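Q:
2 protein chains.
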Amino acid sequence: MQITSVLRRAAQVNPTGTATIFADRQQSWTTLLDRVARLAGALQKLGMTEGDRVALLSLNSDRFIEYFFATVWGGGAMMPMNIRWAPAECVYALNDAGAKILLVDDAFQAVGAEIKAQVPGLETLVFCGDGETPDGMLNYEDILAVADPVPDAGRSGDDLAGIFYTGGTTGFPKGVMLSHTNFYVGGVANAHELMIRDGTIYLHAAPMFHIADLLWFMAITFVAGTHVAIPAFTPDATLQAVQAHRPSHLLLVPVMLQMVLQSPKLDETDTSSLELIAYGASPITEGVLREAFDRFPNVEFLQAFGQTELSPVATILAPDYHVFEGKKAGKLRSAGRPTRVCEIMIADDDMTELPRGEIGNICVKGPICMLGYWNKPEVTAETLRDGWVITGDAGYMDDEGFVFLMDRVKDMVISGGENVYSAEVENALSQHPAVATSAVIGIPSDQWGESVHAIVILHPEAKATPEELMAHCHTVIAGYKCPRSVEFRTDPFPLSGANKVLKTELRKPFWDGRDRQIS
Amino acid sequence: MQITSVLRRAAQVNPTGTATIFADRQQSWTTLLDRVARLAGALQKLGMTEGDRVALLSLNSDRFIEYFFATVWGGGAMMPMNIRWAPAECVYALNDAGAKILLVDDAFQAVGAEIKAQVPGLETLVFCGDGETPDGMLNYEDILAVADPVPDAGRSGDDLAGIFYTGGTTGFPKGVMLSHTNFYVGGVANAHELMIRDGTIYLHAAPMFHIADLLWFMAITFVAGTHVAIPAFTPDATLQAVQAHRPSHLLLVPVMLQMVLQSPKLDETDTSSLELIAYGASPITEGVLREAFDRFPNVEFLQAFGQTELSPVATILAPDYHVFEGKKAGKLRSAGRPTRVCEIMIADDDMTELPRGEIGNICVKGPICMLGYWNKPEVTAETLRDGWVITGDAGYMDDEGFVFLMDRVKDMVISGGENVYSAEVENALSQHPAVATSAVIGIPSDQWGESVHAIVILHPEAKATPEELMAHCHTVIAGYKCPRSVEFRTDPFPLSGANKVLKTELRKPFWDGRDRQIS
Chain E
0 MQITSVLRRA AQVNPTGTAT IFADRQQSWT TLLDRVARLA GALQKLGMTE GDRVALLSLN
60 SDRFIEYFFA TVWGGGAMMP MNIRWAPAEC VYALNDAGAK ILLVDDAFQA VGAEIKAQVP
120 GLETLVFCGD GETPDGMLNY EDILAVADPV PDAGRSGDDL AGIFYTGGTT GFPKGVMLSH
180 TNFYVGGVAN AHELMIRDGT IYLHAAPMFH IADLLWFMAI TFVAGTHVAI PAFTPDATLQ
240 AVQAHRPSHL LLVPVMLQMV LQSPKLDETD TSSLELIAYG ASPITEGVLR EAFDRFPNVE
300 FLQAFGQTEL SPVATILAPD YHVFEGKKAG KLRSAGRPTR VCEIMIADDD MTELPRGEIG
360 NICVKGPICM LGYWNKPEVT AETLRDGWVI TGDAGYMDDE GFVFLMDRVK DMVISGGENV
420 YSAEVENALS QHPAVATSAV IGIPSDQWGE SVHAIVILHP EAKATPEELM AHCHTVIAGY
480 KCPRSVEFRT DPFPLSGANK VLKTELRKPF WDGRDRQIS
Chain Y
0 MQITSVLRRA AQVNPTGTAT IFADRQQSWT TLLDRVARLA GALQKLGMTE GDRVALLSLN
60 SDRFIEYFFA TVWGGGAMMP MNIRWAPAEC VYALNDAGAK ILLVDDAFQA VGAEIKAQVP
120 GLETLVFCGD GETPDGMLNY EDILAVADPV PDAGRSGDDL AGIFYTGGTT GFPKGVMLSH
180 TNFYVGGVAN AHELMIRDGT IYLHAAPMFH IADLLWFMAI TFVAGTHVAI PAFTPDATLQ
240 AVQAHRPSHL LLVPVMLQMV LQSPKLDETD TSSLELIAYG ASPITEGVLR EAFDRFPNVE
300 FLQAFGQTEL SPVATILAPD YHVFEGKKAG KLRSAGRPTR VCEIMIADDD MTELPRGEIG
360 NICVKGPICM LGYWNKPEVT AETLRDGWVI TGDAGYMDDE GFVFLMDRVK DMVISGGENV
420 YSAEVENALS QHPAVATSAV IGIPSDQWGE SVHAIVILHP EAKATPEELM AHCHTVIAGY
480 KCPRSVEFRT DPFPLSGANK VLKTELRKPF WDGRDRQIS
């Protein structure tokens, strides 16, 4: 199984079809194939050999897609970096991975130069933007123009295809190693479950560095469809691209979907090409979903849940379960069922499967499971047991195979020996009309070990007291799960690169100087 | 990648859904999973250890499906045998593969007993039919009833999953070794391209031993659909099952499709559940297709081409190319385009890729390529080169990636140094109104090496002379391709188990005592 074989096939079955559209550029599958084989040659000339890591720090573009295929075509491994990282995080990851080459675009040229000084192994910077090439960098188009196409280096199967740094919510980034097989099997299975067909047009509105968008590189190439890209998500740029290029498929994380729904441009945009909007990577509220269903009555919605370690999709909630009434209602709060290339087990800490309905660690097995963490054999051994990836998410499975997420295991509040899942408490709070959003954390309690603390953002103009909210929760969930304390804030919550609330950050002031047992 | 993981997932997401329907039996995915784990235990008790071959000679049944999963669950390898074989061929294959256990049903109990005497390594016969258990055989349900479910033996990836004897058209059977990965990737990709969705109901009307039907074991299990089986194809049994169980998907080889179309029962059968009829394994005439389109206006038709060595699908002609008019017309004579998990190369004898439009060897690469031939390293080395399976079929690829089959390389006529593809000549003959079907072969010629000879079956009541047919061909194809001699016959052509015309048989009387260079 080779990532690049999918590209060759796409160029064989749809040679003149449009492969990528970006800004005022577009190219056919034949051209993309040729440029990839030449970029691979250029990277080899720059010293990329077997398994070498080539990093990229860039907004979305057609060149991102070329980079994806060219690194592995030439025998290297890709390493797309989180565009929200501070330079120090980039430096850490580049040193950890031992990357020799880094590509940066216009948005990151300054950061690139700053980083280089602190990464001794980094030999070459390539500028893949459209502006003036900065001093000390090679120009992407220049090196491509003089390079010869090279034969595929032939890496495949369990060979390393890329390192994807993750760990936004839980401290130091870890490099997830994914293989050719991970991408290949994940891609071919996702293409089916995402209802993609020959020639599907997909809009890369979410950041490409994030594996939730990156998976579409494979899925769309498997059907020789069209990749449309905008540099970065804004509701207006997204809507403009939808109108101009008529994509049928779109991935949005919930906060993006919400912004699109609130955009004043929405009503004047022709969105009739849209057939499916996939969402995931963070929880969505019923309110956003209802609004989305109303606004896009002809669009199917699909939820995907997973993590980088799973390449990344583990469960899918199919469009037919996106209903509030009827036989299939009641699953909308779940993350869906295992994809066709996953087995899922809810296990206790000894890896013993729990009965249906009991909450435990969500564990996933299948050809989409990562090779391990780069340079971290101990963490790898903790996370990958007997072929199972222990996701670190707590949840249960119902009798029909639907997985209900309760919490990150590390974000669970253990109060008086009882496990309290913050998602459940946040859910209860969200049913109060004044609450816009909330984050529930465990804070130290001499009596209970931890006690349930809620940080709440109210709707503009709305009013509520802590007592009112606590009383409301008592009408919805068991007493031991209800917040013992409530604070209000107006600033948005700190978010990870994947738009997850950084609960470590929220907990910090409370735990300063103390050890939290699960941290 | 594990064949059995797909079964476990199916039981997880659709536990109470119907997995198999056969005669008056039906069972849920939960029951099937349990029976498979117990049958695996029973086979282990009978001595099946790591990689051991367990053969089966049986008509279609639900137990065939249990056998498929249980052999690999228990760590063995399956070996379903061609039900059209003579006992001598079965004996050859069983001895070649070293099978220790053989399952036989009612239809093959006598043959089973006969075979056993000639296969010294064969220790156990299991009777998987519904009649009285013959002497000297164990009963399938009895051994299952007393067996405990065993844990999955854990074989996966490149481990041998089964041996599939093939070679009907070219002499001695060869055992094609297929792996867990072959079935897994083939299944997940086919499920998408065969337009299968969650819960699809498939009717096993074609013989299960044939890999063209066997691939649906995986594809339907990937979507936790329903397997409906009839013991053996007859048009009436097929139509009856369509009406009773309302399958949406059906695979028929062309001769079966023709028989269904000619059945007097067709008009009184409710076929409204049918959505897709897949066909393949042998050429189809335009006449049959036109009749099928007329009769099933709401059904999609899809052609698959491949061979056992490719697990088995290499190309698919999608439903939208099943048209005689419009932009997509003109592809109907092709075998379609490479599936999403194949690369195809048309190569000369040195494995150099030929330009589009030139005829050469069709070579296929991808995770569906066999491990090799059992016990035949030389033939394996000839067939598998640098990861490419050399199919032995001659053909060309057009500019849009469609593959046009010309001939089995071995059935090509080499006349005066020119290659003549029998398919092209047969095609020309079929356009004469009197011709029902024809087979074109090369016969010895002192002048040309070989000369083109046509054996023709006329429509009942129709009349034509050899001269007329030869003259007709001259109006359609180049002179050197036209038959130099024509003979008429009324008996049907000898067919292989896969319904291919056995041209070796037809050539035999002409070549008796002579060497044919390509044979």
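If you're matching them up, the sequences are chains E and Y in order.
Going left to right, the first sequence walks through residues 0 to 518 as numbering that gives the first Met the number 0 numbers them.
Going left to right, the second sequence walks through residues 0 to 518 as numbering that gives the first Met the number 0 numbers them.
C-beta atoms are modelled at their ideal positions from N, C-alpha and C, and glycine is treated no differently.
Given the structure is predicted, the values throughout are model-derived calculations rather than measurements.
Out of curiosity, what's the CA-to-CA distance linking Gly391/E and Arg294/E?
A: As a position in the first sequence, residue 391/E is number 392, starting the count at 1. As a position in the first sequence, residue 294/E is number 295, starting the count at 1. Each residue's Cα considered, the two are about 35 Å apart.
Q: Indicate whether Ile476/Y and Val424/Y have their beta-carbon atoms separated by less than 8 Å.
A: On the second sequence, position 477 is the one that residue 476/Y refers to. On the second sequence, position 425 is the one that residue 424/Y refers to. Cβ distance < 8 Å, so Ile476/Y and Val424/Y count as in contact.
Q: Give the range of the alpha helix (DSSP H) segment to which Arg79/E is assigned.
A: Here the question's residue 79/E lines up with position 80 in the first sequence. It is worth fixing the name first, because residue 79/E is Pro in this sequence and not Arg. Pro79/E -> not in any alpha helix (DSSP H); beta strand (DSSP E) instead, spanning 76 to 79.
Q: State yes or no: is the C-beta of Leu121/E within less than 8 Å of the C-beta of Met136/E?
A: Along the first sequence, one-based indexing puts residue 121/E at 122. Along the first sequence, one-based indexing puts residue 136/E at 137. Contact flag unset, no.
Q: Tell me the DSSP bridge mates of Arg336/Y?
A: Against the second sequence, residue 336/Y aligns to sequence position 337. Beta bridge pairing from DSSP links Arg336/Y with Ile315/Y.
Q: Between Cys368/Y and chain E, is there a C-beta pair that is closer than 8 Å?
A: For this step, residue 368/Y is matched to residue 369 along the second sequence. So no, Cys368/Y is outside the interface.
Q: Can you give, in chain order, each stretch of the alpha helix (DSSP H) that sits fully within the region 172 to 222 of chain E and has at least 4 residues?
A: 179 to 192, 210 to 221
Q: Residues in its own chain within less than 7 Å of Glu192/Y by CB, not counting five upstream and five downstream?
A: Position 193 of the second sequence holds residue 192/Y. Once the five neighbours on either side are set aside, the close Cβ partners of Glu192/Y are Ile315, Thr338, Arg339.
Q: Check the Cβ of Pro337/Y against every Cβ in chain E and list those closer than 8 Å, keeping chain order.
A: Working through the second sequence from its first residue, we reach residue 337/Y at position 338. Neighbours of Pro337/Y on chain E, chain order: Arg8, Gln11, Val12.
Q: Buried or exposed: where does His203/E fall if 16 or more other Cβ atoms within 10 Å of its Cβ makes it buried?
A: Residue numbering aside, residue 203/E sits at position 204 when the first sequence is read from its first letter. The residue is buried, with at least 16 neighbouring Cβ atoms inside 10 Å.
Q: Consider the Cβ of Met0/E: report whether some Cβ of chain Y lies at a distance smaller than 8 Å.
A: If you number the first sequence from 1, residue 0/E lands on position 1. Yes, its Cβ sits closer than 8 Å to a Cβ of chain Y.
Q: Step through the CB atoms of chain Y and report whether any lies within less than 8 Å of the CB of Ala317/E.
A: Position 318 of the first sequence holds residue 317/E. Chain Y, which has a Cβ nearer than 8 Å to the Cβ of Ala317/E, makes this yes.
Q: Please classify Val12/Y: is it buried, with 16 or more other beta-carbons within 10 angstroms of its beta-carbon, or exposed?
A: The count along the second sequence starts at 1 and reaches residue 12/Y at position 13. Its Cβ being crowded by 16 or more others within 10 Å, Val12/Y is buried.
Q: Closer than 8 Å, Cβ to any Cβ of chain Y: which residues of the region 335 to 362 of chain E, in chain order?
A: Arg336, Pro337, Arg339, Val340, Cys341, Glu342, Ile343
Q: Should the region 301 to 311 of chain Y be regarded as contacting the region 272 to 289 of chain Y, the criterion being three or more beta carbon pairs within less than 8 Å?
A: yes
Q: Any Cβ of chain E within less than 8 Å of the Cβ of Phe300/Y?
A: Walking along the second sequence from the start, residue 300/Y turns up at place 301. It does not; no Cβ of chain E falls within 8 Å.
Q: Hey, is Asp397/Y's beta-carbon within less than 8 Å of any beta-carbon in chain E?
A: In the second sequence, counting from the first residue as 1, residue 397/Y sits at position 398. Chain E, which has no Cβ nearer than 8 Å to the Cβ of Asp397/Y, makes this no.
Q: What does Ala190/E touch in chain Y if you count any residue whose Cβ is under 8 Å from its own?
A: Working through the first sequence from its first residue, we reach residue 190/E at position 191. Residues of chain Y passing the Cβ test: His191, Arg339.
Q: Please state whether DSSP places Gly478/Y in a helix, a strand or coil.
A: Reading the second sequence from its first residue, position 479 is the one you call residue 478/Y. DSSP places Gly478/Y in helix when its eight states are reduced to three.
Q: For Asp511/E, return the contacting residues in chain Y, with the cut-off set at a CB-CB distance below 9 Å.
A: As a position in the first sequence, residue 511/E is number 512, starting the count at 1. By Cβ distance, chain Y contributes nothing, its closest Cβ being about 44 Å from Asp511/E, past 9 Å.
Q: Closer than 8 Å by beta-carbon distance: list the chain Y residues that pair up with Ser4/E, in chain order.
A: Here residue 4/E corresponds to residue number 5 of the first sequence, with the count starting at 1. Those are Glu342, Lys364, Gly365, listed as they occur along chain Y.
Q: Can you tell me which of Asp23/E, Ser333/E, His179/E, Gln306/E puts its alpha carbon nearest to the alpha carbon of Asp397/E?
A: Here the question's residue 397/E lines up with position 398 in the first sequence. Distances from the alpha-carbon of Asp397/E to those of Asp23/E, Ser333/E, His179/E, Gln306/E put Ser333/E closest.
Q: Determine the chain Y residues that contact Val187/E at a beta-carbon separation under 9 Å, and present them in chain order.
A: Counting from 1 along the first sequence, the entry for residue 187/E is found at position 188. Within chain Y, the residues near Val187/E are Val184, Val187, Ala188, His191, Arg339, Val340.
Q: Is Phe492/E a contact residue of the ligand SAM, with contact defined as CB to any heavy atom under 7 Å?
A: Absence of the ligand SAM from the depicted structure is noted, as is the absence of any ligand whatsoever, leaving it without description.
Q: Bridge partners of Thr436/E, per DSSP?
A: Against the first sequence, residue 436/E aligns to sequence position 437. Per DSSP, Ile456/E.
Q: If you pair each beta-carbon of the region 126 to 135 of chain E with each one of the region 97 to 106 of chain E, do three or more pairs fall below 8 Å?
A: yes
Q: Give me the subset of the region 206 to 226 of chain E whose CB atoms are less than 8 Å from a CB atom of chain Y, sorted by chain position.
A: Phe221, Val222
Q: Could you tell me whether the Cβ of His198/E comes closer than 8 Å to any Cβ of chain Y?
A: Sequence index remark: in the first sequence, residue 198/E carries index 199 (1-based). Contrary to the premise, residue 198/E reads as Gly rather than His in this sequence. With 8 Å as the cut-off, Gly198/E does not count as an interface residue toward chain Y.
Q: Output the residue ranges of the beta strand (DSSP E) runs that lie fully inside the region 264 to 288 of chain E and measure 3 residues or longer, sorted by chain position.
A: Counting whole runs of 3 or more residues, the region 264 to 288 of chain E contains the beta strand (DSSP E) stretches 275 to 279.
Q: Quick check on the burial criterion: 16 or more other C-beta atoms within 10 angstroms. Buried or exposed for Ala484/E?
A: Locating residue 484/E in the first sequence gives position 485, where the first residue counts as 1. Residue identity check: residue 484/E is Ser in the sequence provided, not Ala. Ser484/E is exposed by the Cβ-count criterion.
Q: Leaving out five residues before and five after Ala346/E in sequence, what residues of the same chain have Cβ atoms less than 6 Å from its Cβ?
A: Taking the first residue of the first sequence as position 1, residue 346/E is located at position 347. Within the same chain, Ala346/E has close Cβ partners Glu352, Gly359, Asn360, Cys362.
Q: Is the Cβ-Cβ distance between Met47/E and Ala160/E less than 8 Å?
A: For this step, residue 47/E is matched to residue 48 along the first sequence. For this step, residue 160/E is matched to residue 161 along the first sequence. Not closer than 8 Å, so no.
Q: So, are the CB atoms of Asp151/E and Thr29/E less than 8 Å apart?
A: Here residue 151/E refers to the residue found at position 152 of the first sequence. Here residue 29/E refers to the residue found at position 30 of the first sequence. Result no, Cβ atoms of Asp151/E and Thr29/E do not sit closer than 8 Å.
Q: Under 8 Å between C-beta atoms, does Gly305/E make it to chain Y?
A: One-based indexing of the first sequence puts residue 305/E at position 306. No, its Cβ sits nowhere closer than 8 Å to a Cβ of chain Y.
Q: Are the C-beta of Gly400/E and some C-beta of chain Y separated by less than 8 Å?
A: As a first step, residue 400/E is located in the first sequence; it is residue number 401 there, counting from the start. Yes - at least one Cβ of chain Y is within 8 Å of the one on Gly400/E.
Q: Is the region 29 to 42 of chain Y touching the region 78 to 91 of chain Y in the sense that three or more CB pairs, one from each, lie closer than 8 Å?
A: As far as the Cβ criterion goes, the region 78 to 91 of chain Y does not touch the region 29 to 42 of chain Y, which means the pair count is below three.
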